[in-house]
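J.: Just so you know, we're using my numbering here: the sequence shown kicks off at 1 and counts up by one. Questions regarding the structure given below will be posed in turn.
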Amino acid sequence: NDPGPHTLLTSLTINRNLKRLDWLLGRFTGYVGVVNYMGGRFTSAESHLAPILEAMRGRGLMFLDARASSASVAVDVADKLGLDVAASDRIVDVTASRAAIDARLLELERLASATGGAIGIGFPYPVTIERLAQWTRAMGDRGFDLVPVSALAGKGPAKP
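As structure tokens, this is what we get:
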């Protein structure tokens, strides 16, 4: 498994990870924040994560915790730092099939009805894109709005 040359790793020093973050963020423009892909070990290590989140706060970015690990401390650390933060409620395509994705999207709807909002993440699989396109066409008829993740992020405690 090769995570790539600029992956943030717990085996690296804080300074090396900060340099990697700068390099990564310098490749794109127009983003509002960062989401972790995998990274369960990193989001569980406050000593490594806090400086990264602090650097993100300094850039005015938010963090979306994909919840790659049940031991993630990302939301708590971001809250302490005053960083805008949100956490994924569901990965919509854990099983990349039409039926499974549709079921996960319905779970998100139920959760949004109960809590006022829900965040789903997924991969750019063709079936995921197809199901999301279909789902979003009629979501307004069902009383739901699709909003940017930044609309559900905030300072202070994120929803569990």
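Glycine included, each C-beta is placed from N, C-alpha and C at the ideal position. Bear in mind the structure is a predicted one, so any value in this text is a computation, not a measurement.
So, using beta-carbon positions, are VAL34 and ILE121 closer together than 8 Å?
T.: No.
J.: Along the chain, where does the alpha helix (DSSP H) that runs through PHE63 open and close?
T.: Premise fails: PHE63 lies in the beta strand (DSSP E), 62-65, not in any alpha helix (DSSP H).
J.: What residues in its chain sit with their C-beta under 7 Å from that of ARG57, if we drop five residues either side in the sequence?
T.: Cβ neighbours of ARG57 beyond the five flanking positions: LEU81, GLY82 and LEU83.
J.: Just the C-alpha distance for HIS48 and ALA138, rounded to the nearest angstrom, thanks.
T.: Cα to Cα, HIS48 sits roughly 42 Å from ALA138.
J.: Please state the DSSP three-state secondary structure of PRO160.
T.: Confidence in PRO160 is poor, its pLDDT being 46 and thus under 50, which makes the residue's placement too unreliable to answer from.
J.: For the alpha helix (DSSP H) that contains VAL127, what are its first and last residues?
T.: From DSSP, the alpha helix (DSSP H) with VAL127 extends over 126-137.
J.: Quick check: the Cα distance between SER150 and TYR125, rounded to an integer number of angstroms?
T.: For SER150 and TYR125, the distance between alpha carbons rounds to 23 Å.
J.: What residue range is occupied by the uninterrupted beta strand (DSSP E) comprising GLY154?
T.: Where GLY154 is concerned, there is no enclosing beta strand (DSSP E), given that its DSSP letter is neither H nor E.
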